[in-house]
Every structure is written in structure tokens, then in C-alpha cells.
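Student: Questions regarding the structure given below will be posed in turn.
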Amino acid sequence: MERIPICKPAMDEEMIAAASDALRNEALVNGESVFKFEEEFAQFIGTKYAVSVSSGTDALILSLIAAGVKGSEVVTTPFTFIASANAVLHAGGRPVLADIWEDCNLSPFETRRAITESTKALLPVHIFGRPCEMDDFKDIAEENNLIIVEDACQAHGASYGGKKVGAIGEIGCFSFYPTKNMTVGGDGGMVTTDNEDIAMTVRKLRDCGRRERYLHDAHGFTSRLNTVNAAIGRVQLKRLDAWNASRIRNAQLYARLLKDMGDIVLPPMNDDKVKGVFHLFAVRTSYRNDLQTYLNEKGIATAIHYPLPVHKQPAFDGYFEGVYPVSERVSQQTISLPMFPSLSEEEVRTVCESIGDFFRKTT
Ligand SMILES: Cc1ncc(COP(=O)(O)O)c(C=O)c1O
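Below, the structure is given as C-alpha cells:
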């Protein structure tokens, strides 16, 4: 039996041709494709500027430096990939965690409680492609004079109240790591903003802090997106809306078939205001580990995002003093099911039938 993978990055002939064309005809670094990709991405998100970088982590680090968080606190979530919190540290800031609520996103209520005199920015993460409650975060930011940096690394094309994520806060950060809703055929990232100063600062920081070729007026990094990756990204971006529509269709089918099955808790679904793009389809069950073993035996790949919340990671041992009970509970119950644009209806049905069999045998 063919295994059903958890994700399947796309790399078609047009992407390969675009890569080979860029390799043959453009500068390997700072080639034309880089600037075209940035223009097209800015247009897609709806911001004045998009600045490409070499990863989502660098998008976050450079954005947070540009936002001036050095020496200040940044409130973010424990239920995320560790890069969100790492980036704050690398930018010279202090990550402060606030717990999530039942949608697995940063809780606005807990965020308010985490704000101090030293808070400079909020870093909400649109986890699994589901937009955070941005109206609440906008209110909190306005009341406390804070900058919002959106970690949209899992949410390319998601929207909230008619605006794409990455265009709602001051700055948006995207990752093009191969498992994401779109990739560049390797690592890559993008910073989106309407703020010209921020865009210029990120552009300078990614390019060794250059003002001119060998004149540097900032301590920069080598964080550029390679031309060949930008060329692939341009083709992927053209496919993104159709891919996201397919993910949403698959999510709706999962939700229909898994409703009332065992103790499964489904992720929140889209409505008129909050339109997620289901980077992952993560359900929760107290039988998580046994279910994962059972599905694996049936040839169905799953993954745990994330088995440890940020404050439990060895890299942050002893760093955070608070307790984050919802994140800890969700980390023990969450399981991500296969989700990618070319996942067929039949495959979704196979996954759900196997989950049904598991609960019939187990409970
Ligand atoms: C929420 C989140 N933030 C940040 C990152 C970092 O992106 P990258 O792996 O491209 O550095 C990722 C992805 O890996 C992510 O999922």
C-alpha cells in the first residue's frame, strides 16, 4: 500500500525551468528574479514593500532589530516553532511568553497580562495557518504603544477581516521552508511592511549592513535570498491561491468526517472574518500517542507540532518563570494529519476511516 505522507512540497517543470533559466542568465545573488519576486509578493500580501531574506528566522530577527526591540520585552506564544522566541533573543530583546487559548493562538487576554513597562512589541504567531485575533492585538498595541510583528511563517495567503496576514501589523514575516504553503525550493523568507524605514533597514541588514559596496553603516548579516530560489518562488506564488483553496477543501472534508469521532477536538474552521490556510490540520485527542502509532502502522504519516512548548525546550531551560497550562495540555494532545494541496478526497477518507477504526478498537 502507498504511504500517505504528511506533506508533499511541489516542484514542477515550470519551477525547474525557472531555476535553470535564472542560473544560466542572472547574477547568482541579487539577480532580477529577487526583485521581481519581492514586487509580486508585496502585491500579493497588499503591502508597499516586501524584502526577501534567507529564512523565516532571519525575517523575524531582522524585523525585530528594525523594530528596535533591543533591550526590551517582546510578548509571544509558547506554542510555536522555537524560532519565534529565538529571534527575539538574537535581536537583543527578551522574549516574554503569554499562553494560548483554545484556537492554539496567542491569547489576547494573557497578552495583556504579560505587558510591562519594558514591552516594546507583540509577536503573534498565526499558528497552523490560522490568523490570530488581530483586532484585539491592534487594540492592545494602540493602547500600549507597541509594534506588532506578525509571525506569518505558516500563513501565506491567510486573511483576517479582509486583509492578508503580514499586512495587518507593522511588519509581517514569512518562511519558505519546503514544508510551508509555498517554498522557494530550499530555505528562504520574506519581510512585508508599509513602513519605508523598516523596509530600508531590513534591506541593509540582510546585505552586510551596506550603504555602498564597501561602505557599511550597520552591523549587518549575509541573509539574502539566492536568485535561483527567488525564481522558483515566483512560480510557486502563482500557484498559492489554488493550493490554499485545495487545503481549505481538504480541511472541510476532514472536519465533516471527523465530527463526533472519539474524543477528537477539531481545529476552528473559517468564517467570514477569519480565513486560515491550513498549513497543518492538527486535531487533539487524549489518545494521541496510540493514534499516531496506529496510523503509522496503516501507512499514514502524522507529526506532532509541537511536542514541547517553547518554555520546556532545553535551549530555554530556566529562562521563563511562568506557567502556560493550555500550551502544555495542547502539546500533549495535538497530532497533525496529512495536509497538502494534492492530497485527494480518497486519501482524506482513508485517513478518517483509519481514525474511526482506531476509536472503535480503543474506546
Ligand atoms: C511559526 C514559525 N516561525 C518561524 C519559523 C522559522 O522559519 P525558517 O525555518 O524558514 O527559519 C517557522 C518555520 O520553520 C515557523 O513555523
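According to my numbering, the residues represented by the sequence shown are 1403 to 1765, in order.
Yeah, the Cβ is synthetic: ideal placement off N, Cα and C, and Gly gets one too.
So, with DSSP's three-state summary, where would you put Gly1758?
Tutor: Of the three classes helix, strand and coil, the one that applies to Gly1758 here is helix, per DSSP.
Student: Applying the 10 Å Cβ sphere with the 16-neighbour rule, what's the burial state of Pro1510?
Tutor: When all chains shown are included, Pro1510 counts as buried.
Student: Would Leu1655 and Glu1748 qualify as a contact pair, given that the criterion is a beta-carbon distance under 8 Å?
Tutor: Not closer than 8 Å, so no.
Student: Please determine whether the Cβ atom of Tyr1579 lies at a distance below 7 Å from any heavy atom of ligand 1.
Tutor: At least one heavy atom of ligand 1 is nearer than 7 Å to the Cβ of Tyr1579, so yes.
Student: Between which two residues does the beta strand (DSSP E) containing Ser1465 stretch?
Tutor: No beta strand (DSSP E) holds Ser1465; the alpha helix (DSSP H) holding it covers Gly1458 to Ala1468.
Student: Could you tell me which of His1528, Ala1429, Ser1520 and Gly1495 sits nearest to Trp1503, measuring between CA atoms?
Tutor: Ranking His1528, Ala1429, Ser1520 and Gly1495 by Cα distance to Trp1503 puts His1528 first.
Student: Since Ser1738 is in the beta strand (DSSP E), which residue starts that stretch and which ends it?
Tutor: Ser1738 -> beta strand (DSSP E) spans Thr1736 to Leu1739.
Student: Let me make sure I understand the geometry here. Which of His1713, Pro1407 and Asp1589 has the alpha-carbon closest to that of Pro1497?
Tutor: Selected option, being the one with the closest Cα: His1713.
Student: Check whether the Cβ atoms of Val1637 and Ala1420 sit closer than 8 Å, and answer yes or no.
Tutor: It is a contact, given that the beta carbons lie within the stated cut-off.
Student: If you measure from the CB of Ser1648, is any heavy atom of ligand 1 nearer than 7 Å?
Tutor: Answer for Ser1648: no, Cβ out of range of ligand 1.
Student: For Ala1419, which of helix, strand or coil comes out of DSSP?
Tutor: Helix, per DSSP.
Student: With distances taken Cα to Cα, identify the nearest neighbour of Ala1770 among Gly1590, Met1741 and Asn1597.
Tutor: Because the chain in this structure spans residues 1403 to 1765, residue 1770 falls outside the shown range and cannot be described.
Student: Does DSSP classify Met1663 as helix, strand or coil?
Tutor: The answer is coil: DSSP assigns Met1663 none of H, G, I, E or B.
Student: What is the DSSP secondary structure of Gly1574, counted as helix, strand or coil?
Tutor: Looking at Gly1574 - three-state DSSP - the assignment turns out to be strand.
Student: Beta-carbon within less than 6 Å of Ala1516's beta-carbon, same chain only, minus the 5 sequence neighbours each way: which residues are those?
Tutor: Cβ within range, chain order: Val1477, Val1498 and Ala1500.
Student: Going by C-alpha to C-alpha distance, which of Ala1493, His1621, Ala1468 and Thr1752 sits closest to Leu1697?
Tutor: The residue with the shortest Cα to Cα distance from Leu1697 is Thr1752.
Student: Shorter than 7 Å, the distance from the beta carbon of Gln1556 to the closest heavy atom of ligand 1, or not?
Tutor: For ligand 1, at least one heavy atom lies less than 7 Å from the Cβ of Gln1556.
Student: Are Ala1523 and Val1453 close, meaning C-beta to C-beta below 8 Å?
Tutor: No; because the gap between Cβ atoms is not below 8 Å, this pair is not in contact.
Student: With a floor of 3 residues, list each beta strand (DSSP E) that falls wholly inside the segment 1707-1747, ordered by position along the chain.
Tutor: Complete beta strand (DSSP E) runs here, min 3: 1736-1739.
Student: In chain order, what residues of the same chain have a beta carbon less than 8 Å from the beta carbon of Ala1644, not counting five sequence neighbours either side?
Tutor: The residues are Pro1743.
Student: Indicate the three-state DSSP secondary structure (helix, strand or coil) for Pro1670 in the structure shown.
Tutor: Coil, per DSSP.
Student: Any heavy atom of ligand 1 closer than 7 Å to the CB of Ser1625?
Tutor: Flag unset: Cβ of Ser1625 not near ligand 1.
Student: Please report the Cβ distance between Leu1660 and Ile1757, rounded to the nearest whole angstrom; I am assuming they are in contact, meaning their Cβ atoms lie under 8 Å.
Tutor: About 7 Å separates the two Cβ atoms, so the contact holds.
Student: Rounded to the nearest angstrom, what separates Gly1724 and Val1676 at their Cα positions?
Tutor: Cα to Cα, Gly1724 sits roughly 30 Å from Val1676.
Student: Rounded C-beta distance between Val1667 and Ile1737? I'm assuming under 8 Å.
Tutor: Between Ile1737 and Val1667 the Cβ distance is about 11 Å, and since that is not below 8 Å, they are no contact.
Student: Considering only C-alpha positions, which residue in the set Pro1533, Lys1410, Ala1485 and Asn1547 is nearest to Lys1566?
Tutor: When only C-alpha atoms are compared, the closest one is Pro1533.
Student: Where does Met1536 fall in DSSP's three states?
Tutor: Three-state DSSP puts Met1536 in a helix.
Student: Is the beta carbon of Arg1612 closer than 8 Å to that of Ser1456?
Tutor: The answer is no: Cβ separation not under 8 Å.
Student: Quick check: the segment 1567-1577 against the segment 1456-1468, are there 3 or more CB pairs under 8 Å?
Tutor: These segments touch.
Student: Is Phe1483 close to ligand 1? I mean its beta-carbon at under 7 Å from any heavy atom of the ligand.
Tutor: Checking every heavy atom of ligand 1 against the Cβ of Phe1483, one is found closer than 7 Å.
Student: Just the C-alpha distance for Gly1495 and Phe1722, rounded to the nearest angstrom, thanks.
Tutor: If I take the Cα positions, the gap works out to 14 Å.
Student: Per the DSSP calculation, Ile1550 is bridged to which residue(s)?
Tutor: Partner(s): Leu1524.
Student: Do you know whose CA, among Ile1702, Thr1687, Asp1673 and Asn1488, lies nearest Pro1716's CA?
Tutor: Nearest option by C-alpha distance: Asn1488.
Student: Quick one: Cα of Thr1695 to Cα of Asn1507, how far?
Tutor: Whole-angstrom Cα-Cα distance: 27 Å.
Student: Going by alpha carbons, who is nearest to Gly1563 out of Cys1610, Asn1672 and Arg1514?
Tutor: The candidate whose alpha carbon is nearest that of Gly1563 is Asn1672.
Student: Could you work out which residue in Asp1759, Met1536 and Ala1632 is closest to Ile1418 when comparing CA atoms only?
Tutor: Cα-wise, what sits closest to Ile1418 is Ala1632.
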